[in-house]
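Input: a single structure, listed below in structure tokens.
Residue numbers (this note's numbering): 29 to 260.
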């Protein structure tokens with residue numbers, strides 16, 4: 029299964045992400061389900077790696093595939109773990125920044141911004157009466173998100189510049205190859221043929237031979253021109 033075929037549309041990706049966040053929020057608000065939060069976290073985590081395994085990705089590539097269901101599973105896992113262990117006061121809350129990194133680099137910019145706002149609402153909804161320290165921690169999320177988006181855009185520019193350079197190198201190689209072919213044609217074929225024709229023209233009886241050689245030269249010139257035009 030190719031990475032492109034696993035990509036969701038931008039709208040569908042955002043909707044499924046929203047549903048995933050809503051499910052975790054609902055789970056953590058039901059007292060009878062809260063004791064099973066770690067089991068749910070483990071199941072979703074295993075499902076995440078199962079999906080990555082089915083996509084035939086490299087084992088050390090833990091980042092979710094771009095615009096895929098993997099981002100949804102990663103989001104649910106992070107929010108379940110953090111929400112079940114104290115929310116913004118949890119020892120696992122710093123994982124939120126890794127979570128943001130995953131979201132930014134596996135989603136469109138608009139989706140990243142919207143989901144970050146929803147994550148803030150998620151944490152605030154779990155603990156409305158935040159102390160100052162936790163509130164500050166929550167307000168750092170947009171700043172970290174903006175930094176990650178900037179880094180992502182810079183990374184994409186570097187990749188784009190690299191691709192342009194590679195394309196220019198391919199074009200240059202083609203031009204050098206065409207130049208070599210033309211030089212080889214002129215030096216090893218056309219120049220000797222002209223010398224041969226000059227010698228044949230010294231004798232009037234060689235008109236048929238001259239016509240034959242001129243026809244051969246014409247054919248070879250057409251071949252060279254066709255090769256050059258086909259490679260452009």
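Glycine included, each C-beta is placed from N, C-alpha and C at the ideal position.
Around the beta carbon of residue 124, 16 or more other beta carbons lie within 10 angstroms, which makes this residue buried. Pairing residue 146 with residue 49 gives a Cβ-Cβ distance under 9 angstroms.
By the neighbour-count criterion, in which a residue is buried when 16 or more other Cβ atoms sit within 10 angstroms of its Cβ, residue 244 is exposed.
In the three-state reduction of the DSSP assignment, residue 55 falls in the helix class.
Of the other Cβ atoms in all chains shown, 16 or more fall within 10 Å of the Cβ of residue 105; this residue is therefore buried. Annotation for residue 170: 144 place their beta carbon closer than 7 angstroms to its own, counting only its chain and skipping 5 residues before and after. Ranking 155, 176 and 69 by CA distance to the CA of residue 141 puts 176 first. Residue 150 places its beta carbon 9 angstroms or farther from that of residue 99.
For the 9 angstroms CB-CB criterion, residue 116 and residue 158 form a contact. Counting other Cβ atoms within 10 Å of its Cβ, residue 41 reaches 16 or more and is therefore classed as buried. Each residue's CA atom was taken as its position, placing residue 187 and residue 195 some 12 angstroms apart. Nearest neighbour of residue 220 by Cα position, chosen from 108, 242 and 73, turns out to be 242. Its chain contains 252 as the residues whose beta carbon lies nearer than 7 angstroms to that of residue 210, once the 5 sequence neighbours on both sides are disregarded; these appear in chain order.
Residue 206 and residue 190 have their alpha carbons spaced roughly 24 angstroms apart.
Your pair residue 35 and residue 95 checks out as a contact, with CB atoms roughly 4 angstroms apart and the cut at 8 angstroms.
With contacts defined as CB atoms closer than 9 angstroms, residue 118 and residue 128 fail to qualify as a contacting pair.
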